[in-house]
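Contents: one structure, followed by commentary.
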Amino acid sequence: MSPPRVRTAIDQVQVVIPAHDEEGLLPRCLASVRRAADHLAEVRPGVRVGITVVADCCTDRTVEIATGWPATQVVVSRAGNVGAARRAGVDHVVRHTLATPPELVWLAHTDADSVVPEHWLAAQLMLADAGFAMVVGTVVPARTDLPPHIWDQWRARHHLGEGHPHVHGANLGLTLHASQVAGGFQPAPAHEDVSLVAAVRSAGLPWCATAATQVTTSGRQQGRVASGFARYLARLSSPTTRVEVPGVRALSR
0 MSPPRVRTAI
10 DQVQVVIPAH
20 DEEGLLPRCL
30 ASVRRAADHL
40 AEVRPGVRVG
50 ITVVADCCTD
60 RTVEIATGWP
70 ATQVVVSRAG
80 NVGAARRAGV
90 DHVVRHTLAT
100 PPELVWLAHT
110 DADSVVPEHW
120 LAAQLMLADA
130 GFAMVVGTVV
140 PARTDLPPHI
150 WDQWRARHHL
160 GEGHPHVHGA
170 NLGLTLHASQ
180 VAGGFQPAPA
190 HEDVSLVAAV
200 RSAGLPWCAT
210 AATQVTTSGR
220 QQGRVASGFA
230 RYLARLSSPT
240 TRVEVPGVRA
250 LSR
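So the sequence shown is numbered by numbering that gives the first Met the number 0: it starts at 0 and just counts up by one.
Spelled out as structure tokens, the structure:
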């Protein structure tokens with residue numbers, strides 16, 4: 000059970016997006032985040048929204064594309080792993096939000112190969128207003144990217160309702176205060192999201208797992224992280240391979 004909640008009024012939202020050679024998919028990600036920010040402005044006009052893309056070891060046009068996108072800041076990283084990239088994005092946010100208490104800054108994390116729904120930010124802030132310091136969302140691969148048998152296997156393995164057991168960096172929101180209390184993202188090549196969620200829970204902060212903010216991510220089977228979501232989808236295609244659903248342990252224990 001999540002600890003007691005304390006109601007707060009979020010003052011600003013900062014979206015952090017790590018990207019490694021994502022020139023092909025980044026534009027649709029940014030377009031979806033912009034739609035979510037515009038929707039939030041309609042329903043919560045007093046909340047400011049910032050977008051930070053962390054271009055990690057990019058050799059394509061990722062930096063150029065992100066730089067040309069309106070109201071988007073770009074951090075260039077040479078870390079070479081997603082945990083360090085996410086951490087660099089949060090560090091950038093901290094430097095630009097010093098005048099705002101960390102309890103009032105909401106960090107919304109997604110990935111450059113993902114598309115968020117229009118209500119993504121508004122739904123997260125509704126839960127933040129209810130007193131949750133962390134919102135763990137669901138992710139579904141783009142059905143058109145997958146052969147039917149892999150899609151069927153994926154659906155059979157995933158409970159996507161309220162209280163789900165999954166963790167995805169592509170759909171994770173929390174206050175800056177919660178992130179700092181938990182030690183932030185660790186500079187790890189994978190599972191940095193799972194570690195952060197576990198640390199927030201261990202710190203005794205209120206959290207929830209919801210399907211109300213579901214994000215669509217790429218169904219590619221050759222990804223940027225050796226043990227990431229793409230690798231998991233690829234393993235589903237092998238009937239002799241034991242496949243563990245990523246992120247489940249963090250919320251099921």
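Where a beta carbon is used, it is the ideal one built from N, C-alpha and C, also for glycine.
*Taking Cβ to Cβ, would you say A35 is nearer than 8 Å to W119?*
yes
*asked:* On the DSSP bridge list, what partners appear for G45?
replied: DSSP, once it has assigned bridges, lists no residue as partnering G45.
*Find out if the Cβ-Cβ distance for the pair A54, V62 is shorter than 8 Å.*
yes
*Check whether the segment 98-117 touches the segment 22-39, taking contact to mean three or more Cβ pairs, one atom from each stretch, closer than 8 Å.*
yes
*Taking the alpha-carbon positions, what's the G172 to H19 distance?*
21 Å
*Could you tell me the distance, in whole angstroms, from the CA atom of H190 to the CA atom of H167?*
9 Å
_Whether Q13 touches T51 by CB criterion (8 Å)_ = yes
_the segment 153-167 touching the segment 126-134, judged by at least three CB pairs closer than 8 Å_ = no
*Beta-carbon proximity of V73 to A87, cut-off 8 Å*: no
*What's the C-alpha gap between H95 and L39?*
21 Å
_Let me confirm a value: H158 is counted as buried when at least 16 other C-beta atoms fall within 10 Å, else exposed. Which label applies?_
exposed
*Assumed close pair A8, L103 - CB separation to whole angstroms, cut-off 8 Å*: 7 Å
_Distance, H176 Cα to G45 Cα_ = 20 Å
*R156 to R142 span [Cα, whole Å]*: 15 Å
*Return the residue from the list T215, V92, W206 that minimises the CA-CA distance to R47.*
V92
*Could you please give me the residues that DSSP links to Q72 through a beta bridge?*
T51
_Just list the residues that DSSP pairs H108 with in beta bridges._
V15, L171
*R60 versus T137 - alpha carbon distance*: 29 Å
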